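Undergrad:
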Amino acid sequence: QLIVNPGSIGQPFFLDAQLRKDLRAQYMILEFDDKGLVDMDFRRVDYDVAAELQLAKDLRLPYFEVYYESLVNGIHHTHHQEFLRELAQKEGCDRELDDWLKSG
1 QLIVNPGSIG
11 QPFFLDAQLR
21 KDLRAQYMIL
31 EFDDKGLVDM
41 DFRRVDYDVA
51 AELQLAKDLR
61 LPYFEVYYES
71 LVNGIHHTHH
81 QEFLRELAQK
91 EGCDRELDDW
101 LKSG
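Count the sequence shown with the UniProt record's numbering and you get residues 1 to 104, in order.
1. Decide if L101 is buried, meaning its Cβ has at least 16 other Cβ atoms within 10 Å, or exposed.
2. I'd like to know whether the C-beta atoms of H77 and L84 end up nearer to each other than 8 Å.
3. Going by DSSP, which residues form a beta bridge with R44?
4. Looking at the C-beta of V66, does it have a partner C-beta in chain C at a distance below 8 Å?
5. CB R24 to CB D46, shorter than 8 Å?
6. Distance, Cα to Cα, E69 vs D99?
7. Secondary structure at D33, three-state DSSP: helix, strand or coil?
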């Protein structure tokens, strides 16, 4: 068996809008035999969203509001470059990155 974890906790990607509403963690188990693929088993599991958000807050996760929206409401800004650029400037992440790049 091979377990595939696409890293989709709170961020499932489906073209079908109905499937995108399910924000549980998702993974897939592939089963092979000597002739090839035998079975694909897609699984979804609940997890403690409140605990995850508290951990993110405690660790001062950058872009916390974006993470919150993603986990709670299923709203993703992954490809909204202008929005993310403005947020990086507001939170000072752009300066942190510049400083880090210049230090190396």
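C-beta atoms are modelled at their ideal positions from N, C-alpha and C, and glycine is treated no differently.
From a predicted model like this one, the values you see are computed outputs, not experimental measurements.
TA: Based on what the coordinates show:
1. exposed
2. yes
3. Q26
4. This model lacks chain C altogether, as it is built from one protein chain only.
5. yes
6. 28 Å
7. strand
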